[in-house]
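> I'd like to ask some things about the structure below.
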Amino acid sequence: MGVFAVRGNHDALRPDRPDTTGEILADAGIRLLNNEWVQLNDGLLLAGIDDLTTAQRRGEDGQKNLSSALTDRPEGTTILLSHTPWLVEQAASAGVDLMLSGHTHNGQIWPFNYLTRTRYPFLGGQYLVKGMELFVSRGTGTWGPRMRLWQRGEIALITLRSPSQQSSKETNALL
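Note that full-length UniProt numbering has the sequence shown beginning at 1, numbered continuously upward.
Right under this line is the structure:
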């Protein structure tokens, strides 16, 4: 199937430096999805969008990224990689089945995570939005102060199964 990635906000923080993210990932055998989709197998698609915080810094809302990533795709289950958990409702309305995001560090430092939630309503964990599953990883890193306060990091392992292989117990656990 391959190894895939999308850009995050720290991949584009220095506009005065050339963006070498794509080259570095390609050298490591990782395909960068930049507002595009790939077919992993019959009926399973993976789409990825460029970082939405970077688009916002350019004065864009990121909708163009999402539209480009989902355009002309065949029917099938669609998984969307988006570093930042924005455009969630739009992705669900466009027929995305599963969206995987990060960026928020789950608020990183308690009690400031309550403020962070005003900008990122999907701060960490699993959500069901208009029939679409959304998972926002808390990640392992930090931003600003090199610490987390009562906000554990995580490395998530997500196992995909076709609906025919899923037990009713697993289905209920997803909701």
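Where a beta carbon is used, it is the ideal one built from N, C-alpha and C, also for glycine.
1. Can glycine 2 and glycine 43 be called in contact, C-beta distance under 8 Å?
2. Please classify valine 38: does DSSP put it in a helix, a strand, or coil?
3. Where do the N-terminal and C-terminal ends of the beta strand (DSSP E) with glutamine 126 fall, by residue?
4. Is the separation between the beta-carbon of leucine 46 and that of glycine 62 shorter than 8 Å?
5. Per DSSP, what kind of secondary structure is glycine 22 in: helix, strand or coil?
6. With a CB to CB cut of under 7 Å and the five nearest residues on each side skipped, what residues in its chain are close to phenylalanine 122?
7. Relative to the alpha-carbon of glutamine 39, which residue among Gly59, Asp97 and Arg73 has its alpha-carbon at the smallest distance?
A quick look at the data gives this:
1. no
2. strand
3. 125-129
4. no
5. helix
6. Pro85, Val88, Leu134 and Val136
7. Arg73
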